[in-house]
Amino acid sequence: QITNTAITNIIGLSCFLYAILAGVIYCFSVDEQLGERYVGVPPTSSIWSILSVVPIFIFGFSCHFTMPLVAEDMVNRNMKKLDTASLLAVSFVTVVYLAVMIAPYYAFGDTVESNFYLSLPVSNIAIHIGYIALPFAVLTAFPLLLFPARQSISS
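Numbered per UniProt numbering, the sequence shown spans residues 1 to 155.
Here's what the structure looks like:
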């Protein structure tokens with residue numbers, strides 16, 4: 001059951017949210033903008049470099065593989081509750097993705113690294129804690145990804 005990993009999931013989600021919030025808040029609090037801001041595709045990018053990141057978006061929004069586990073643990077489940085849960089999950093991910101996409105370009109313009117955390121100063125204590133939190137977030141996400149695979153293999 002997915003509820004068996006509730007504590008691990010809460011720790012991981014907290015670590016991810018902290019790292020994201022620290023980075024986004026820092027980006028919007030930068031006094032001076034670095035680089036140039038573009039609306040549209042930057043001239044240094046190509047259609048192929050944009051298409052190369054599509055799998056990241058697909059995986060980010062593909063919470064469907066955990067849906068059977070969520071449905072299994074849901075009390076008095078019905079289609080409306082399942083629809084609400086999936087809509088809330090995808091909406092939350094959309095808001096997080098938008099914040100993480102917009103904030104670094106606001107602060108760093110075209111000089112932002114593809115991993116925007118690499119553009120942030122490690123000397124800032126909140127960002128430094130975010131660097132420490134990210135590996136824990138990834139480690140705690142592993143069981144959540146592994147359970148659906150284990151269940152499909154065992155059945």
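Positions of the beta carbon are idealized from the N, C-alpha and C atoms, including for glycine.
Spatial distance of residue i from residue j (CA atoms)
{"i": "S91", "j": "Y106", "result": "22 Å"}
{"i": "L17", "j": "W48", "result": "30 Å"}
{"i": "I7", "j": "P43", "result": "45 Å"}
{"i": "D110", "j": "S119", "result": "11 Å"}
{"i": "A137", "j": "T5", "result": "13 Å"}
{"i": "I125", "j": "R77", "result": "44 Å"}
{"i": "D73", "j": "L82", "result": "11 Å"}
{"i": "L98", "j": "V53", "result": "15 Å"}
{"i": "V75", "j": "D31", "result": "49 Å"}
Cutoff 8 Å; reference residue i; Cβ partners in own chain excluding five residues on either side
{"i": "Y117", "result": "A19, G23, I127, G130, Y131, L134"}
{"i": "T3", "result": "D73"}
Own chain, CB closer than 7 Å to residue i, minus 5 neighbours either side, in chain order
{"i": "S86", "result": "M67"}
{"i": "P104", "result": "C27, V112, F116, S119"}
{"i": "P121", "result": "I127"}
{"i": "S114", "result": "none"}
{"i": "V95", "result": "none"}
To test your reading of the DSSP string, which unbroken alpha helix (DSSP H) runs of 4 or more residues are found completely within the UniProt domain "Amino acid transporter transmembrane" (5 to 153)? As far as the UniProt domain "Amino acid transporter transmembrane" (5 to 153) is concerned, its whole alpha helix (DSSP H) runs of at least 4 residues are 6 to 29, 47 to 51, 54 to 61, 67 to 73, 79 to 108.
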